[in-house]
Amino acid sequence: MRSIAELLGDQSILCLSYQNHKFMRGIISNLFTSNSMDSAIKYFDELVIRTMAEWQQKETAVVLNDAMKITFNAICKMLISLDQEEELEALQKDVSEISEAMVAFPLKWPGTRFFRGIKARERVMKALRRKIDMRKRSSDYYEDFLQSLLARNDIQNEEPLSDRQIEDNILTLIIAGQITTASAIAWMVKYLDENQQVRETLTAKQLELQFKFSGNAYLKLETLSEMSYASKIVKESLRMATIVSWFPRVALRDCQIEGFHIKKGWIVNVDARSIHYDPMLYGDPFEFNPSRFDVELKACSFLAFGTGGRTCLGINLAKAFMMVFLHRLVTTYRWRVADRNPSIAKWSIFPMLRSGCPIKIAPIATQNVIP
Ligand code: HEM
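Quick note on my numbering: the sequence shown kicks off at 16 and runs consecutively.
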């Protein structure tokens, strides 16, 4: 945990203890308004459409690579209004060094992965500090999380946030949101490829909706709420992929769970993957079956986004991004996965497909054979 705090910062919501965590969580959760969500979804949709249009020139597209880039760019736009290609590329490189350092041995010697992560953090902090200073000096208005956090400091009776609190949590939101969502998108495409019946049902439903939405250029929360089958596919993919396999909790007092005595201060790891594959909770757990979500689940049986006071704050955004990608993919292309190897990449905090999930594509409007 100490090494994570060195990389994300000790003010990161992921590193705060009970009372401070509650304070920071309240502030961050207020940033996910329906307006900010709709703007982020629209921007994500624009990027997906643009990227998929570029696929026309290719025979193969690597879903994970493009999903990483699109998700990163959409989150940076939402947080700090960053849309300059060069700055985005430099930041993405640093952020991926920080993520890799999170699973490395915490040895701060030049040349080690951890050291490279610490250096990358220093560069990110410097860039964010520059941005904050510029915002404080300028009278321009930006519609992003950074602006809302700075504006909050002008409100009387609100405990102000330090620049460091803002910086650490912007970095945290990027790291918590990018790889998780992009990786989930790649798994979802893989599962769909392996389940033709589900895929055909989905494609028919989405094409029908596409016709219905044809007046709207971009997707938004309201339109996504009509995609109930796609939403079940997202959930089933998240269950099967279980991107965050386990998460820790510290016992605040002595307690007893199912006969086990847990003492105050003990760390308990919740094993989400075992719960997602428990046949008592999910019949035929290895089968990809979105319709299992037709009925209500038992409490605490779906843990893709955790549970309780530390439940993922990006839950609705992540689901929306996945649905947008899914909708655009099946309504634009006929496709098949070119490499079905399920091996997992090294040096990743979350299970990521090593192949990146390459797909062969042909525009849906043509009868071309998929190469
Ligand atoms: C498919 C994508 C995602 C998955 C699977 C995921 C999963 C999780 C999980 C399991 C946790 C820990 C919950 C716990 O300890 O109970 C978490 C925490 C968190 N996630 Fe996500 N997440 C995703 C996307 C996002 C996105 C897009 C954002 C924001 C941009 C985000 C922001 C956060 C934050 C800030 C926390 C810490 C919450 C707290 O400590 O109060 N996540 N996420």
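The beta carbon of each residue, even a glycine, is placed where N, CA and C say it ideally should be.
Asked	Found
Min CB distance Thr127 to chain B below 8 Å	Absence of chain B from the displayed structure is noted, only one protein chain being present.
Beta-carbon proximity check, Ile258 vs Ala199, cutoff 8 Å	yes
Limits of the unbroken alpha helix (DSSP H) element including Asp286	First-last for Asp286: 282-286, but that is the beta strand (DSSP E), not the alpha helix (DSSP H).
For Ala353 and Cys372, the rounded distance between their alpha carbons	8 Å
Leu188 Cβ short of 7 Å to ligand 1 heavy atom set	yes
Cβ-Cβ distance between Leu253 and Ile56 below 8 Å	no
Segment contact, 8 Å Cβ cut-off, at least three pairs: the stretch 25-41 with the stretch 56-69	no
Delimiting residues of the beta strand (DSSP E) encompassing Phe275	275-277
Validate contact between the stretch 338-357 and the stretch 208-223 using beta carbons, cut 8 Å, 3 pairs	yes
Burial state of Asn88, where buried means 16 or more other Cβ atoms lie within 10 Å	buried
Backbone CA spacing between Ser54 and Arg268 [nearest angstrom]	42 Å
Touching by the beta-carbon criterion (3+ pairs, under 8 Å), the stretch 224-234 and the stretch 279-293	no
Where the beta strand (DSSP E) through Ala76 begins and ends	75-77
For Phe336 and Val213, believed in contact at Cβ under 8 Å, the rounded distance	Contact flag wrong, Cβ pair sits at about 20 Å.
3-residue-minimum beta strand (DSSP E) runs that sit fully inside the stretch 47-87, ordered along the chain	75-77
Start and end residues, alpha helix (DSSP H) containing Ile374	No alpha helix (DSSP H) contains Ile374, which is instead part of the beta strand (DSSP E) from 373-378.
Delimiting residues of the alpha helix (DSSP H) encompassing Ile19	17-23
Ligand 1 heavy atom lying under 7 Å from the CB of Phe317	no
6 Å Cβ shell around Met367 - same chain, five flanking residues per side excluded	Ser198, Ala360
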